[in-house]
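Encoded as structure tokens, the structure appears first; notes follow it.
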Amino acid sequence: MILVTGGAGYVGSHFVMALLEKGEDVIVFDSLELGHMETIETLKQYGNLKFIKGNLKHLDDIRGVFMSNKDITAVAHFAAYSQVAESVKNPQKYYYNNVYGTLNLLNAMLEFNVKKIVFSSTAATYGEPVYTPIDEKHPQNPINPYGMSKLMIEKIMDDYDKAYGLKSVRLRYFNVAGADSSSRIGEWHEPETHLIPNVLKATSEKTFKMFGTDYDTQDGTCVRDYINIEDLAQAHLNALEYLNNGGKTNYFNLGTKDGNSVKEVFSACENIKGCSIPLEICPRRDGDPATLVADNSKAKDVLNWIPKNDLTYSIKTAYEWEKVLSSN
Ligand code: UDP
128 MILVTGGAGY VGSHFVMALL EKGEDVIVFD SLELGHMETI ETLKQYGNLK FIKGNLKHLD
188 DIRGVFMSNK DITAVAHFAA YSQVAESVKN PQKYYYNNVY GTLNLLNAML EFNVKKIVFS
248 STAATYGEPV YTPIDEKHPQ NPINPYGMSK LMIEKIMDDY DKAYGLKSVR LRYFNVAGAD
308 SSSRIGEWHE PETHLIPNVL KATSEKTFKM FGTDYDTQDG TCVRDYINIE DLAQAHLNAL
368 EYLNNGGKTN YFNLGTKDGN SVKEVFSACE NIKGCSIPLE ICPRRDGDPA TLVADNSKAK
428 DVLNWIPKND LTYSIKTAYE WEKVLSSN
């Protein structure tokens with residue numbers, strides 16, 4: 128039995144779908160503050176899924192999960208706040224939820240002798256790139272509380288391994304994109320801040336705002352590495368297998384090694400929608416580095432992970448999902 132925290136959210140739910148399709152038994156623990164019960168209902172159709180509503184900030188909530196489910200063998204931990212701008216305005220919310228919440232989870236794991244965890248980390252732990260593409264040896268100097276909260280958790284996990292033998296795999300995501308290939312689940316944030324859904328949602332009343340066209344890149348807009356959500360979910364399966372095979376504590380970048388600019392993403396969305404999308408050029412958004420591209424060789428070599436889906440496919444699936452979301 129695998130425990131998935133934050134399994135009602137975007138990335139967590141796609142991992143749960145991948146687990147269920149492999150025939151794994153899953154428990155999702157989610158506060159539903161940002162995740163959606165509709166997502167859980169959908170997931171339940173595809174396998175053995177138990178849902179427990181609770182908050183990691185309450186130690187008893189998470190202890191209760193382990194207490195009544197003695198067959199949990201590993202944890203995948205997605206539950207977190209993840210908006211950079213909000214974290215700058217309200218760091219207390221981020222450190223309390225992300226760091227303290229994770230401490231409760233880790234402490235409950237130790238109490239019930241569960242010693243394997245796959246953790247949802249981020250490229251934001253690297254901060255402003257010193258070189259590109261970014262490999263795992265790149266210095267980690269986060270420039271916002273969100274990235275710092277995730278880095279603190281990575282450090283805590285190292286210490287918990289040394290002292291208590293808790294093995295972790297930290298997956299540092301670059302830009303996650305796309306939806307389930309059958310449009311059963313997808314990205315569903317309220318409010319939405321991410322590029323692809325915002326371009327796809329744009330209307331003449333709510334134009335797409337392009338943040339910054341004066342960056343030092345080939346076309347002046349920021350370059351990001353868009354990794355497909357189903358490829359990302361597969362990397363988590365591989366990470367779990369790695370830990371089950373006795374793998375040591377480790378960390379990996381999850382990206383494609385290819386960069387695409389905001390303008391390129393915008394044009395690709397126009398092509399897929401088959402119409403022009405209302406666009407407004409705006410000033411830069413705070414805290415956006417010009418280029419973030421992953422060197423993904425370590426995940427390829429150690430986890431045997433090969434991302435299969437390109438940006439066009441991610442946008443197509445995101446568009447199909449957007450139609451489902453807007454029709455409900
Ligand atoms: N972006 C934009 N308009 C939006 C959302 C994002 O121009 O409505 C830009 C953003 O400034 C960044 C890139 O798209 O350069 C990717 O942003 P996103 O929020 O999707 O991911 P992040 O890189 O912040 O993790």
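Under the working numbering, read the sequence shown as residues 128 to 455, first letter to last.
For every residue, glycine included, the Cβ atom is placed at its ideal position computed from N, Cα and C.
Three-state secondary structure (DSSP) of residue i
i: Ile433; result: coil
i: Thr169; result: helix
i: Val350; result: strand
i: Val215; result: helix
i: Ser394; result: helix
i: Phe301; result: coil
i: Asn423; result: coil
i: Asn355; result: strand
i: Lys336; result: strand
i: Asn231; result: helix
i: Leu293; result: coil
i: Leu183; result: coil
i: Ser331; result: coil
i: Gly313; result: coil
i: Asn224; result: helix
i: Thr259; result: coil
Residue i burial status per 10 Å Cβ neighbour count (16 or more: buried)
i: Tyr291; result: exposed
i: Pro318; result: exposed
i: His185; result: exposed
i: Lys243; result: buried
i: Arg411; result: exposed
i: Val257; result: exposed
i: Pro266; result: exposed
i: Met219; result: Correcting the residue type first, residue 219 is Gln in the shown sequence and not Met. Exposed, by the Cβ-count rule.
i: Leu407; result: According to the sequence shown, residue 407 is Glu rather than Leu. Exposed.
i: Ser195; result: exposed
Endpoints, the beta strand (DSSP E) within which residue i is located
i: Val202; result: 201-204
i: Glu407; result: 406-409
i: Ile154; result: 153-157
i: Leu130; result: 129-132
Range covered by the alpha helix (DSSP H) that runs through residue i
i: Leu381; result: Not the alpha helix (DSSP H): Leu381 falls in the beta strand (DSSP E), residues 377-381.
i: Glu449; result: 438-454
i: Thr249; result: That residue, Thr249, is in no alpha helix (DSSP H); its beta strand (DSSP E) goes 243-249.
i: Ile323; result: 322-328
i: Val138; result: 137-148
i: Phe193; result: 186-195
- Message: Under 8 Å, with one C-beta from each stretch per pair, do the stretch 254-272 and the stretch 419-430 reach the 3-pair mark?
- Response: yes
- Query: With a cut-off of 8 Å, do at least 3 Cβ pairs link the stretch 198-216 to the stretch 128-140?
  - Reply: yes
- Message: Assess contact between the stretch 162-182 and the stretch 327-334, defined as three or more Cβ pairs (one per stretch) separated by less than 8 Å. Is contact present?
- Response: no
- Item | Meets three-Cβ-pair contact criterion under 8 Å: the stretch 435-450 and the stretch 287-302 | no
- Are the stretch 339-354 and the stretch 381-391 in contact at 8 Å, needing three or more beta carbon pairs? yes
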